[in-house]
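Numbering (our numbering), first residue to last: 217 to 638.
This report concerns only the one structure given below.
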């Protein structure tokens, strides 16, 4: 359903919603940056890569749960049905305080000394989260607001993750010769963190959908807090990756560092513009809160999160050759997830945004093939001959940079055309 006619029918926005909306926006932006600093600390750690990136992934999806939960909860509590229009079932100061405590515990987890210490601090982080949502649940039971908030479901989600980490710690401690003694325990947590993120986000969207009191003008913005989290958080995260490349990794030449910076910059702009434009069209302009749309939002969130994770790993490649392979993996993963999203739409009967799919599939396929070809030609020291002119070495790399720029322009033009079509 188009958003503009619906907004006109809903009438002017409620002035009480505007009173709290800036606090909600600041919370999303500030804590996205704060969690980004914590993730950068893990990415900069000198741990073995197998441990570092497993810990990064666990913290990454834990923080996404925290940021999405904060954005959706505060939107429902203070913007969708602001306290001035009802008996207040919570407190802005209580919610901000709980968020500050959770964020500090999250940063404490990221500043672990090693992977084993990280697992122990993740256990403490989940304990803090469980305590906060349990206290919120008890407070809401006392004030009669349990059905309004998220804490009733969060208690079970937090408790399950707390028990999982506790079980892994117990196995590592009491059975030192077990299979889960080394990196396996960390990598076991990665798919678990993804699944808990998916379950948590679906719970949030279901609770928002079931909310009885939402101002008419706000019903059209159900997905807007989540879209804002993606835009802000991934902008911060990719910015940290670009800074690492700009600073110049120790084992890279200056030319390799800046070539990688330009390639990553153009890829990230494609990723950020594409996700922002697509999410805006899909979930804000064409608002629909049925079960299929909520499930698709969870799928898109996981897909974008996985691509964002690979994006950071790409920036921290040990050498330029590995960076090129990771860039091919970045666009290759995006290509597979795009095709998967298209298949999910066909199965669920939802509208296909062909304008986005066509340009994404085409540009990602061309970049992936070109990156793999560039790696092969550099390894074999081969040249590409065009009208008798041989492209070798730096010229071949320069041609790849021009191709990256051309793909960015083509994709952005395609996105703008898709937005016009709606």
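Every residue, glycine too, gets a C-beta built ideally from N, C-alpha and C.
Source: prediction; values computed, not measured.
* residue 439 - containing alpha helix (DSSP H), residue span -> For the purposes of this step, residue 439 is taken as the residue at position 223 of the chain shown. In the DSSP assignment, residue 439 falls outside any alpha helix (DSSP H) and carries neither an H nor an E.
(request) Return the Cβ separation of residue 346 and residue 309 in integer angstroms, given the expectation that the two are a contact with Cβ distance under 8 Å. (result) What you label residue 346 is simply residue 130 of the chain shown in a count that begins at 1. What you label residue 309 is simply residue 93 of the chain shown in a count that begins at 1. That pair is no contact at about 21 Å.
Considering just the uninterrupted stretch of the alpha helix (DSSP H) at residue 511, what are its terminal residues? Looking up residue 511 in the chain shown gives position 295. Taken as a continuous stretch (DSSP letters only), the alpha helix (DSSP H) holding residue 511 covers 507 to 531.
- Query: Is the CB of residue 344 under 8 Å away from at least one CB in chain D?
  - Reply: Judged by its chain identifiers, the structure shown contains no chain D, having just a single protein chain.
Whole-number beta carbon distance between residue 284 and residue 445, since they are thought to touch under 8 Å = In the chain shown, counting from the first residue as 1, residue 445 sits at position 229. In the chain shown, counting from the first residue as 1, residue 284 sits at position 68. Residue 445 to residue 284, Cβ: 6 Å. Contact.
Suppose you measure from the CA of residue 450 to the CA of residue 582; what does that come to, to the nearest Å? Taking the chain shown and counting its residues from 1, one reaches residue 450 at position 234. Taking the chain shown and counting its residues from 1, one reaches residue 582 at position 366. Those two C-alpha atoms are separated by around 24 Å.
Note the first and the last residue of the continuous alpha helix (DSSP H) segment covering residue 501.
Indexing the chain shown from 1 puts residue 501 at position 285. For residue 501, there is no enclosing alpha helix (DSSP H), since its DSSP letter is neither H nor E.
Practice item. Pair every Cβ in the stretch 462 to 480 with every Cβ in the stretch 529 to 544, then say whether three or more of these pairs are closer than 8 Å. Key: Yes: the two stretches touch, three or more of their Cβ pairs being nearer than 8 Å.
ask   = What residues in its chain sit with their C-beta under 7 Å from that of residue 342, if we drop five residues either side in the sequence?
value = Residue mapping note: residue 342 aligns to position 126 of the chain shown, counting from 1. Non-local beta-carbon contacts of residue 342 in its own chain, meaning distances under 7 Å to residues more than five positions away in sequence, involve 374, 377, 378, 381 in chain order.
Exercise for the section: Closer than 7 Å by C-beta to residue 249: which residues in its own chain qualify, once you throw out the five before and the five after it? Chain order, please. Expected result: The residue you call residue 249 lines up with position 33 of the chain shown. Closer than 7 Å at the Cβ level, and outside the excluded window around residue 249, lie 452.
For residue 438, count neighbouring Cβ atoms within 10 angstroms of its own Cβ and tell me buried if that reaches 16, exposed if not.
Position 222 of the chain shown, counted from the start, is the residue given in the question as residue 438. Residue burial annotation: residue 438 is buried, with at least 16 other C-beta atoms found within 10 angstroms of its C-beta.
Residue nearest to residue 418 in terms of C-alpha spacing, selected from 350, 389, 517, 459:
By one-based count along the chain shown, residue 418 stands at place 202. Out of 350, 389, 517, 459, 517 has the C-alpha closest to the C-alpha of residue 418.
- prompt: Which first and last residues belong to the alpha helix (DSSP H) in which residue 374 is found?
  reply: Position 158 of the chain shown holds residue 374. For residue 374, the enclosing alpha helix (DSSP H) has its first and last residue at 367 to 390.
Rounded separation between residue 220 and residue 499 - CA only
The residue given as residue 220 occupies position 4 in the chain shown. The residue given as residue 499 occupies position 283 in the chain shown. The predicted model places residue 220 with a pLDDT of 36, which falls under 50 and marks its position as unreliable, so this point remains unresolved.
Taking the alpha-carbon of residue 369 as reference, which of 350, 355, 524 has the nearest alpha-carbon? For the purposes of this step, residue 369 is identified with residue 153 of the chain shown, where counting begins at 1. Relative to the Cα of residue 369, the nearest Cα in the group 350, 355, 524 belongs to 350.
By the three-class DSSP mapping on this structure, what secondary structure does residue 264 have? As a first step, residue 264 is located in the chain shown; it is residue number 48 there, counting from the start. In the structure shown, residue 264 adopts coil according to DSSP, grouped into three states.
request  = Pull up the distance between the alpha-carbon of residue 553 and that of residue 576, whole angstroms please.
outcome  = On the chain shown, residue 553 is found 337 positions in, with the first residue counted as 1. On the chain shown, residue 576 is found 360 positions in, with the first residue counted as 1. Going from the Cα of residue 553 to the Cα of residue 576 covers about 11 Å.
Query - Where residue 605 falls, given that 16 or more other Cβ within 10 Å makes a residue buried - result: On the chain shown, position 389 is the one that residue 605 refers to. Low confidence applies to residue 605: its pLDDT is 49, below 50, so where it sits in the model is not reliable, and the reading given next is rough at best. Result: exposed.
Of all the options 589, 519, 580, which has the alpha carbon lying nearest to the alpha carbon of residue 548? Translated into positions along the chain shown, residue 548 becomes position 332. Minimum Cα distance to residue 548 is reached at 580.
Distance, Cα to Cα, residue 331 vs residue 386? Within the chain shown, the letter at position 115 stands for residue 331. Within the chain shown, the letter at position 170 stands for residue 386. Residue 331 and residue 386: Cα-Cα distance of roughly 16 Å.
* In three-state terms, what does DSSP make of residue 324? -> Counting from one through the chain shown, the residue named residue 324 turns up at place 108. If DSSP states are grouped into helix, strand and coil, residue 324 belongs with the helices.
Using a 10 Å radius around the Cβ and a threshold of 16 neighbouring Cβ atoms, would you call residue 307 buried or exposed? Locating residue 307 in the chain shown gives position 91, counting from the first residue. With fewer than 16 Cβ atoms within 10 Å of its Cβ, residue 307 is classed as exposed.
Flag this pair as touching only if the stretch 249 to 261 and the stretch 319 to 327 have three or more C-beta atom pairs under 8 Å; answer yes or no.
They touch, by the three-pair rule.
Notebook entry, point to check: Would you say residue 344 and residue 319 are within 8 Å of each other, going by their C-beta atoms?
Noted result: Taking the first residue of the chain shown as 1, we reach residue 344 at position 128. Taking the first residue of the chain shown as 1, we reach residue 319 at position 103. Remark: C-beta atoms of residue 344 and residue 319 do not approach each other more closely than 8 Å.
Report, in whole angstroms, the separation of the C-beta atoms of residue 634 and residue 572, which I expect to be a contact under 8 Å.
The residue you call residue 634 lines up with position 418 of the chain shown. The residue you call residue 572 lines up with position 356 of the chain shown. Between residue 572 and residue 634 the Cβ distance is about 5 Å, and since that is below 8 Å, they are a contact.
For the putative contact between residue 612 and residue 593, defined by C-beta atoms under 8 Å, what is the C-beta separation to the nearest angstrom? Here residue 612 is taken as the residue at index 396 of the chain shown, counted from 1. Here residue 593 is taken as the residue at index 377 of the chain shown, counted from 1. For residue 612 against residue 593, the beta-carbon gap comes to about 6 Å, under 8 Å, which counts as contact.
Minimum C-alpha distance to residue 333 - residue among 618, 476, 271, 423 = Counting from 1 along the chain shown, the entry for residue 333 is found at position 117. Ranking the options by Cα distance to residue 333, first place goes to 271.
* Whose C-beta lies closer than 8 Å to the C-beta of residue 586 among residues of the same chain, with five residues either side of it excluded? -> Residue mapping note: residue 586 aligns to position 370 of the chain shown, counting from 1. Cβ neighbours of residue 586 beyond the five flanking positions: 616, 619.
- Message: Tell me the rounded alpha-carbon separation between residue 546 and residue 614.
- Response: Numbered from 1 along the chain shown, position 330 holds the residue referred to as residue 546. Numbered from 1 along the chain shown, position 398 holds the residue referred to as residue 614. A direct Cα-Cα distance of roughly 20 Å separates residue 546 from residue 614.
I'd like the list of long-range same chain contacts for residue 168, defined as Cβ closer than 7 Å, with 5 residues on each side in sequence excluded. Here the chain covers residues 217 to 638 and nothing more, so residue 168 does not appear.
Through-space distance from residue 558 to residue 255, alpha-carbon basis: For the purposes of this step, residue 255 is taken as the residue at position 39 of the chain shown. For the purposes of this step, residue 558 is taken as the residue at position 342 of the chain shown. Between residue 255 and residue 558, the C-alpha separation is close to 31 Å.
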